Amino acid sequence: MKPQPVSAGAAVKTRVPAGEHAGAAPHAEAIAASAVDRPASRYPAALLSLTAGAFAIGMTEFVIMGLLPNVAADLQVSIPKAGQLITGYALGVAIGAPLLAILTYRLPQKLLLCLLMVLFIVGNGAAALAPTYEILMGARLFTALAHGTFFGVGAVIAASLVPTGRKAGAVSVMMTGLTVANIAGVPFGTFIGQHLGWRASFGAVVLMGLVTLVAIIRLIPALKQEDAVSIVRQVRALAQPKLLLLLLTGALGCSSLFGVFTYIAPLLQDVTGISEAGVPWVLVLFGFGVTAGNILGGKLADWKLMQTMIGSFLLLAIILALLAADLRIPVAAVVTVFVWGIASFGLLPGLQIRIMTLAKDAPALASTSNHSALNLGNAGGAWLGGLVITHIGLAHLPWFGVVMSLVGLGLTLVLYAWDRRSPAT
Numbered sequence: 002m003k004p005q006p007v008s009a010g011a012a013v014k015t016r017v018p019a020g021e022h023a024g025a026a027p028h029a030e031a032i033a034a035s036a037v038d039r040p041a042s043r044y045p046a047a048l049l050s051l052t053a054g055a056f057a058i059g060m061t062e063f064v065i066m067g068l069l070p071n072v073a074a075d076l077q078v079s080i081p082k083a084g085q086l087i088t089g090y091a092l093g094v095a096i097g098a099p100l101l102a103i104l105t106y107r108l109p110q111k112l113l114l115c116l117l118m119v120l121f122i123v124g125n126g127a128a129a130l131a132p133t134y135e136i137l138m139g140a141r142l143f144t145a146l147a148h149g150t151f152f153g154v155g156a157v158i159a160a161s162l163v164p165t166g167r168k169a170g171a172v173s174v175m176m177t178g179l180t181v182a183n184i185a186g187v188p189f190g191t192f193i194g195q196h197l198g199w200r201a202s203f204g205a206v207v208l209m210g211l212v213t214l215v216a217i218i219r220l221i222p223a224l225k226q227e228d229a230v231s232i233v234r235q236v237r238a239l240a241q242p243k244l245l246l247l248l249l250t251g252a253l254g255c256s257s258l259f260g261v262f263t264y265i266a267p268l269l270q271d272v273t274g275i276s277e278a279g280v281p282w283v284l285v286l287f288g289f290g291v292t293a294g295n296i297l298g299g300k301l302a303d304w305k306l307m308q309t310m311i312g313s314f315l316l317l318a319i320i321l322a323l324l325a326a327d328l329r330i331p332v333a334a335v336v337t338v339f340v341w342g343i344a345s346f347g348l349l350p351g352l353q354i355r356i357m358t359l360a361k362d363a364p365a366l367a368s369t370s371n372h373s374a375l376n377l378g379n380a381g382g383a384w385l386g387g388l389v390i391t392h393i394g395l396a397h398l399p400w401f402g403v404v405m406s407l408v409g410l411g412l413t414l415v416l417y418a419w420d421r422r423s424p425a426t
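Counting in this note's numbering, the sequence shown runs from 2 upward without gaps.
Below, the structure is given as structure tokens:
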């Protein structure tokens, strides 16, 4: 069965201007009605501010991957130690996001988004000016606090801006900013860093943060938070067995992705035989696949949510098995990587909406905890992938992704059967 969509009214409601929908209660129906005032084929412009924020956050998370040699040389540390700036950021998201969500749950959500972008701007400004490795690491950890909470609260707001039946699509529009960051933002930031110094890349991210802050202030409608749910009820809502299983399922999905993608450069160079100069172009192609998959996944999840998640995990397992088989055939491997990008992000919009649906008393905390779980999956997948390389070999790495995908598929089937037995949730 398709679960009931998240009730936007449980999280936020829009103040209806005088003369519009007079006498209507400003709950989910009023939000949907105001959203329908626009042509059915369009999403509200307010979503663009969330997309811009996702772009900026995606850029600051990943741009340092292309600048590790520059950072290491400038701060006089080793490449592996510089690489810990990436791990530290992911752990900062995983640990800090739910804690910050708990501490700020009483704040109006538009105000919270603005404060998160201020935190983001300050953190990246500190990174751009950091004189030592330790200060740069501190700035990265500080900035990471904004990551998961922004996506968590942003997803709730995005879902509240559109009528029932388009919520997963709205979340996918916001997440498009993250995927486009991999296509355009990261290469652009790397180019700036290579020519003007790595600090200039963080300066560019600061500018993106300022643009996002202005867009949020101007485009996001006035949102009024419902009576704050006690933190005990929120934690209880988050502790549901079904919700915890869903968070684990999402983490496994990310493990299947990052267990392989973390080592995609040596895979393509040492196994497939693609030149070092050709690897970035394959990654750009992967980014296009990710963007297409994110949009397609949102549309499919609005149609059949759990079935889309099941299909995504099954497709991931098949594609990674194909990658293991054609890894030594350059053209076939490149095409498979592109399709892999489509399947990998087709899972996320439906996952986000399902989590928010289950946690009706704490949609923002649950949504934020999802990003925490996903980042733990990122870190765990990369670590396990390293063990596979050490003990089995680089060429066998895609099979690890197949195993993780099949485990995720099994858990999703359990959740689907659980839904059919208890349709109320």
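Ideal Cβ placement from N, Cα and C applies to all residues, glycine included. In this text the structure is predicted, and so the values were computed from the model without any measurement.
Below 8 Å on the Cβ atoms is my guess for residue i versus residue j; work out the distance and round it to an integer in Å.
| i | j | result |
| --- | --- | --- |
| His148 | Val94 | 5 Å |
| Ala57 | Leu162 | Not confirmed; about 20 Å, so no contact. |
| Leu324 | Thr337 | 5 Å |
| Val280 | Leu269 | 5 Å |
| Leu366 | Gln235 | 5 Å |
| Gly351 | Gly178 | Contact doesn't hold; Cβ gap of about 18 Å is too wide. |
Where does residue i sit, in a helix, a strand or coil, going by DSSP?
| i | result |
| --- | --- |
| Pro399 | helix |
| Tyr90 | helix |
| Tyr106 | coil |
| Gln111 | Per the sequence shown, the amino acid found at residue 111 is Lys instead of Gln. Helix. |
| Ile393 | coil |
| Gly342 | helix |
| Arg167 | coil |
| Ile193 | helix |
| Pro188 | helix |
| Ile265 | helix |
| Ile354 | helix |
| Leu348 | coil |
| Ser256 | helix |
| Leu328 | coil |
| Ile275 | coil |
| Tyr417 | helix |
| Val37 | Model confidence at Val37 stands at a pLDDT of 37, short of 50, so the residue's coordinates are unreliable; what they give is reported in the following sentence. In the structure shown, Val37 sits in a helix (DSSP, three-state: H, G or I). |
| Gln235 | helix |
| Ser406 | helix |
| Ser313 | helix |
| Gln85 | helix |
| Gly361 | Rather than Gly, the amino acid found at residue 361 in this sequence is Lys. Residue state, collapsed to three classes: coil. |
| Gln270 | helix |
| Gly24 | Only weak support exists for where Gly24 lies, its pLDDT of 36 falling under 50; the value from the coordinates is given anyway. Of the three classes helix, strand and coil, the one that applies to Gly24 here is coil, per DSSP. |
| Gln308 | helix |
Looking at the unbroken alpha helix (DSSP H) that takes in residue i, where does it start and where does it end?
| i | result |
| --- | --- |
| Glu62 | Ala47 to Phe63 |
| Asn295 | Val280 to Trp304 |
| Asp75 | Leu69 to Leu76 |
| Arg141 | Tyr134 to Ser161 |
| Thr213 | Trp199 to Leu220 |
Of the residues the options, which one's Cα is nearest the Cα of residue i?
| i | options | result |
| --- | --- | --- |
| Val157 | Thr273, Ile354 and Gly254 | Ile354 |
| Gly155 | Leu51, Val215, Leu137 and Thr144 | Leu51 |
| Gly97 | Ala129, Ser173 and Leu117 | Leu117 |
| Ala293 | Val181, Asp303 and Leu214 | Val181 |
| Val291 | Met405, Leu258 and Ala159 | Leu258 |
| Val404 | Ile265, Leu315 and Ile136 | Leu315 |
| Ala73 | Leu137, Leu101 and Ala374 | Leu137 |
| Ala396 | Val78, Ile265, Phe63 and Arg141 | Ile265 |
| Glu62 | Thr144, Val415, Pro70 and Lys82 | Thr144 |
| Val285 | Thr273, Phe189 and Cys115 | Phe189 |
| Leu142 | Thr88, Ile103, Gly342 and Arg167 | Thr88 |
| Val272 | Leu328, Leu246, Leu317 and Gln241 | Leu328 |
| Thr413 | Val340, Lys361, Gly312 and Gly394 | Gly312 |
| Val106 | Gly153, Gly124 and Gly210 | Residue 106 is actually Tyr in this sequence, not Val. Among Gly153, Gly124 and Gly210, the Cα nearest to that of Tyr106 is on Gly153. |
| Leu348 | Gly170, Asn125 and Gly210 | Gly170 |
| Tyr417 | Leu246, Arg237 and Leu114 | Leu246 |
Around the Cβ of residue i, are there at least 16 other Cβ atoms within 10 angstroms (buried) or fewer (exposed)?
| i | result |
| --- | --- |
| Gly299 | buried |
| Trp282 | exposed |
| Ile330 | exposed |
| Ile122 | buried |
| Pro109 | exposed |
| Phe203 | buried |
| Tyr44 | buried |
| Ala91 | buried |
| Ser370 | buried |
| Asp303 | buried |
| Val389 | buried |
| His372 | buried |
| Ile1 | Given that the chain is displayed from residue 2 to residue 426, the structure contains no residue 1 and the question cannot be resolved. |
| Pro18 | With a pLDDT of 38 at Pro18, under the threshold of 50, the modelled position of this residue cannot be trusted; read the value that follows with caution. By the 10 Å Cβ count, Pro18 comes out exposed. |
| Leu130 | exposed |
| Thr133 | exposed |
Would the C-beta of residue i count as close to the ligand COA, meaning under 6 Å from any of its heavy atoms?
| i | result |
| --- | --- |
| Ala185 | Among the components modelled here there is no ligand, and therefore nothing to report on the ligand COA. |
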